[in-house]
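Count along the sequence shown from 1, then add 30; that gives the number in the numbering used here. Okay, so here's the structure we're looking at.
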Amino acid sequence: MHHLDLGLYNHQITFTCDLLKSKYGHLILDKIDNRLANIPRHSGLKIFKNGIQTANTANEYRNLMKIMIFVLDDLTEDNDLNKILMKVYEDWNNMYLISRYEEFSEKDLENFEVILLFLNN
Numbered sequence: 031m032h033h034l035d036l037g038l039y040n041h042q043i044t045f046t047c048d049l050l051k052s053k054y055g056h057l058i059l060d061k062i063d064n065r066l067a068n069i070p071r072h073s074g075l076k077i078f079k080n081g082i083q084t085a086n087t088a089n090e091y092r093n094l095m096k097i098m099i100f101v102l103d104d105l106t107e108d109n110d111l112n113k114i115l116m117k118v119y120e121d122w123n124n125m126y127l128i129s130r131y132e133e134f135s136e137k138d139l140e141n142f143e144v145i146l147l148f149l150n151n
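Structure below.
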């Protein structure tokens with residue numbers, strides 16, 4: 031699981047930030063950081079007041095998994111890019127949740143396969 035938290039999810043966030051920065055400039059990262067800082071406090075949820083770059087631990091990346099889909103929602107004027115980002119982050123969260131199961135039903139494995147097929151296309 032640590033590989034998913036610190037490795038792959040870290041890469042996904044870095045890739046997303048690099049993509050957005052290359053398309054919209056550095057100010058888009060400020061917009062992301064502002065959205066992160068303005069998330070209301072909630073028990074058990076870390077707030078990233080100093081921005082997305084402050085996430086360093088697996089626990090912090092798991093907290094980002096809970097909120098990134100909302101932070102990125104309608105971030106840009108490009109509706110196609112917004113839809114793609116939402117789909118990627120939604121599928122990631124679903125895949126991550128399924129991978130944490132201790133036992134898998136046949137339906138769970140089918141759902142996981144559908145997500146993997148989507149990600150490979």
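Glycine is no exception: its CB is placed at the ideal position from the N, C-alpha and C atoms.
With contact defined as three or more Cβ pairs closer than 8 Å, the region 77 to 88 and the region 106 to 122 are not in contact. Within its own chain, the residues whose Cβ lies closer than 7 Å to the Cβ of D63, once the five positions on either side in sequence are excluded, are G81 and I82, listed in chain order. Burial is judged here by how many other beta carbons sit within 10 angstroms of a residue's own beta carbon; L75 has fewer than 16 and is exposed. Within its own chain, the residues whose Cβ lies closer than 8 Å to the Cβ of I77, once the five positions on either side in sequence are excluded, are L66, A67, I69 and R71, listed in chain order. Taking a contact to require three or more Cβ pairs closer than 8 Å, the region 124 to 142 and the region 45 to 63 do not qualify as touching.
With a 10 Å radius around the Cβ and a threshold of 16 neighbouring Cβ atoms, I114 comes out exposed.
With respect to M125, Y39 sits apart: the two C-beta atoms are not nearer than 8 Å. L75 has H72 as its beta-bridge partners, per DSSP. Looking at the backbone, the Cα of M98 and that of K137 are separated by about 27 Å. Contact check for K61 and L105: beta-carbon distance about 7 Å, within the 8 Å limit, so the pair qualifies. A Cβ-Cβ separation of about 6 Å places M116 in contact with D103 under the 8 Å criterion.
The DSSP-derived three-state label of R130 is coil.
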